[in-house]
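Colleague: For the sequence shown, counting from 1, position 21 maps to 398 in our numbering; every step adds exactly one.
Got a structure here, written out as structure tokens. Questions coming.
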Amino acid sequence: MGCALGALGCCCGSAACSLCCACCPSTRNSLVTRLAYGVLLLVGMITSWIFLIPGLAHTLAKIPALCKGGTISDLEIFEGQIECDKIVGYLSVYRIQFSFACFFFLMMILMLCVKRSKDPRSAIQNGFWFWKILIIIGICIGAFFIPNQGFAPTLMVIGTICGFLFILIQLILIIDFAHSWNESWVARGEDGSKKHYVGLIFFTASFYILSIVAVVLLYVYYASKTSCGLNIFFITINLVLCIVASVVSVLPVVQNYHSTSGLLQSSFVTLYVIFLTWSAITSEKPDPTCNPSWYGVITNQNSTAIEPSGNGSVGVSSIVGLVIFFGLIIYSALTSTTKSSGGKLLGISGNEETGAPIPDTEGGQSYDDEEQSVAYNYSLFHFMLFLASFYVMMTLTNWLKPTNDVYNFRQSEAAVWVKICSSWTCLVLYIWSVIVPCICRNRDFS
378 MGCALGALGC
388 CCGSAACSLC
398 CACCPSTRNS
408 LVTRLAYGVL
418 LLVGMITSWI
428 FLIPGLAHTL
438 AKIPALCKGG
448 TISDLEIFEG
458 QIECDKIVGY
468 LSVYRIQFSF
478 ACFFFLMMIL
488 MLCVKRSKDP
498 RSAIQNGFWF
508 WKILIIIGIC
518 IGAFFIPNQG
528 FAPTLMVIGT
538 ICGFLFILIQ
548 LILIIDFAHS
558 WNESWVARGE
568 DGSKKHYVGL
578 IFFTASFYIL
588 SIVAVVLLYV
598 YYASKTSCGL
608 NIFFITINLV
618 LCIVASVVSV
628 LPVVQNYHST
638 SGLLQSSFVT
648 LYVIFLTWSA
658 ITSEKPDPTC
668 NPSWYGVITN
678 QNSTAIEPSG
688 NGSVGVSSIV
698 GLVIFFGLII
708 YSALTSTTKS
718 SGGKLLGISG
728 NEETGAPIPD
738 TEGGQSYDDE
748 EQSVAYNYSL
758 FHFMLFLASF
768 YVMMTLTNWL
778 KPTNDVYNFR
788 QSEAAVWVKI
798 CSSWTCLVLY
808 IWSVIVPCIC
818 RNRDFS
């Protein structure tokens, strides 16, 4: 990872990192570029989170010549002055991520039909990072001058739709990761590596144990009363579906046509589905019986505090979701196999068959691996990041409806159903990926 970051620095053209880069191996240009865009999105996510910190407006007011008396000095917009409270909180998250979404949308349009690195637009894709950052900052500054009235509600609707579309992409990447992981370790085990067989057993057992423990905790804390009927339904139906998915994975007919199908994938998917179930339940209206706060769970008190959404805090489920999100962004960048089903569908996986030879380059330098054909679809990659920007926006604000208070939100039933539908979609996609070789027997899925 250190060499990847070093290569990223070399790609950005910083002379200060030349010594560090020299210690790293040569890197594919396509890989460095995708990592750079991933880091760019990470920086935007961290910046958005900073603007959610309570009390930031008071800190800004202490900066000389910036804020005085709770307003931006001598800056009049439309019919009044911009108050410091108006440039922090959820509105700032909306505006920052809207800026990133606009940038990635422009890049998506600009990179249509790029076939190889000889296309002049390929230089824009792989370079000019200073100017790209300036463009994002420029769009962001302009976004803060958009009138508040109607902006947040409209962007929330767009963000909900685009965020859900990205979740579908995320589900494909998760399933693809599970299959790739299992295939890789099974292949090494068949080559005589006992530690990979032991690893398969260890992780499979660990994922199932964690899932069982999580289900028990969900029943205890979120479905212990008959009044929690919706939670009981969510937990039970997903538990049953996970059992079905696990059984289908090891059916003899499935093994005949999909020999690498196994319990590792189903255990991994099961754990993720249980996480989505928990995330959906915690998005419901706060209730000391059916949706207690984390403080109430830890102290065993009937607390009605809105842990996931109040006071500008980011819920625990949202933090876990963002960690998974960024991990998948990195995975999509590092994936370099043409057999990756998720990568081929999204146009983000590398192309090992470009025929580009590895040149004799100095350590730390990136080389052009796309002279004959691009390693991934530029436009589809930016479309994925376009959707990812809205996903980050909705996750940081917990998929909730904004209020007049810049730090607080209202509960939204949409958040619950988006997440629970995502869990069902994940199981459907996984089961389909397992049984499709049995149905389409004339196609090669090797």
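C-beta atoms are modelled at their ideal positions from N, C-alpha and C, and glycine is treated no differently.
Note that the structure is predicted; figures quoted are calculated from it, not measured.
1. Using the Cα positions of residue 626 and residue 616, report the straight-line distance between them to the nearest angstrom.
2. Over what stretch of residues does the alpha helix (DSSP H) that includes residue 496 continue unbroken?
3. To the nearest angstrom, how far is the alpha carbon of residue 561 from that of residue 705?
4. Within the chosen definition, does the stretch 757-770 reach the stretch 523-531 through at least 3 CB pairs nearer than 8 Å?
5. Alpha carbon to alpha carbon, how far is residue 609 from residue 661? Give it in angstroms, no decimals.
6. Out of 480, 657, 700 and 791, state which residue places its alpha-carbon closest to the alpha-carbon of residue 511.
7. Just the Cα atoms here: how many angstroms apart are residue 572 and residue 473?
8. Looking only at C-alpha atoms, which of 416, 807 and 489 sits nearest to residue 547?
9. Buried or exposed: where does residue 754 fall if 16 or more other Cβ atoms within 10 Å of its Cβ makes it buried?
10. Compare the Cα-Cα distances from residue 767 to each of 408, 695 and 533 and report the closest residue.
11. Between the Cα of residue 421 and those of 793, 467, 646 and 769, spot the shortest distance and give me the residue it belongs to.
12. Confirm, please, whether the CB-CB distance from residue 585 to residue 644 is below 8 Å.
13. Residue 498 and residue 758 look like a contact to me (Cβ under 8 Å); what is the Cβ gap, rounded to whole Å?
14. Shortest alpha-carbon distance to residue 792 belongs to which of 566, 601, 544 and 600?
15. Once DSSP output is grouped into helix, strand and coil, what is the label at residue 406?
16. Mind checking whether residue 419 and residue 773 have CB atoms under 8 Å apart?
17. Are residue 489 and residue 501 closer than 8 Å when you measure CB to CB?
18. What do you get for residue 495, buried or exposed, if any count of 16 or more other CB atoms within 10 angstroms of its CB means buried?
19. Return the CA-CA distance between residue 693 and residue 700, expressed in angstroms with no decimal places.
20. For residue 775, does the three-state DSSP call read helix, strand or coil?
21. Would you decide whether residue 805 is buried or exposed? Buried here means 16 or more other CB atoms lie within 10 Å of its CB.
22. Per DSSP, what kind of secondary structure is residue 525 in: helix, strand or coil?
23. Alpha carbon to alpha carbon, how far is residue 552 from residue 629? Give it in angstroms, no decimals.
24. What's the call for residue 600, buried or exposed, on a 16-neighbour Cβ count within 10 Å?
25. What is the residue span of the alpha helix (DSSP H) that residue 430 lies within?
26. So, is residue 810 buried or exposed, given that buried needs 16 or more other C-beta atoms within 10 angstroms?
27. Any idea what DSSP makes of residue 817, helix, strand or coil?
28. Go ahead and pull the three-state DSSP assignment for residue 754.
29. Please go through the same chain and pick out, in chain order, the residues whose beta-carbon is closer than 6 Å to the beta-carbon of residue 656, but skip the five residues on each side of it.
30. My output table needs one value for residue 601: the three-state DSSP class, helix, strand or coil.
31. Can you list, in chain order, the residues of its chain whose CB lies under 7 Å from that of residue 594, leaving out five sequence neighbours each side?
32. Please name the residue, chosen from 515, 816 and 648, that lies closest to residue 555 on a Cα-to-Cα basis.
33. With a CB to CB cut of under 7 Å and the five nearest residues on each side skipped, what residues in its chain are close to residue 538?
34. Residue 602 to residue 591, Cα distance in whole Å?
Modeller: The relevant details are as follows:
1. 16 Å
2. From DSSP, residue 496 is part of no alpha helix (DSSP H); its letter is neither H nor E.
3. About 18 Å.
4. Not touching, per the Cβ criterion.
5. 13 Å
6. 480
7. 46 Å
8. 807
9. buried
10. 533
11. A check of alpha carbon separations from residue 421 across 793, 467, 646 and 769 identifies 769 as the nearest.
12. yes
13. Between residue 758 and residue 498 the Cβ distance is about 13 Å, and since that is not below 8 Å, they are no contact.
14. 544
15. Correct three-state label for residue 406: helix.
16. In this structure, residue 773 does not lie closer than 8 Å to residue 419 by Cβ.
17. no
18. exposed
19. 11 Å
20. coil
21. exposed
22. coil
23. For residue 629 and residue 552, the distance between alpha carbons rounds to 21 Å.
24. buried
25. No alpha helix (DSSP H) holds residue 430; DSSP gives it neither H nor E.
26. buried
27. coil
28. coil
29. 694 and 796
30. coil
31. none
32. 648
33. Result list for residue 538: empty, nothing under 7 Å.
34. Looking at the two C-alpha atoms, the distance is approximately 18 Å.
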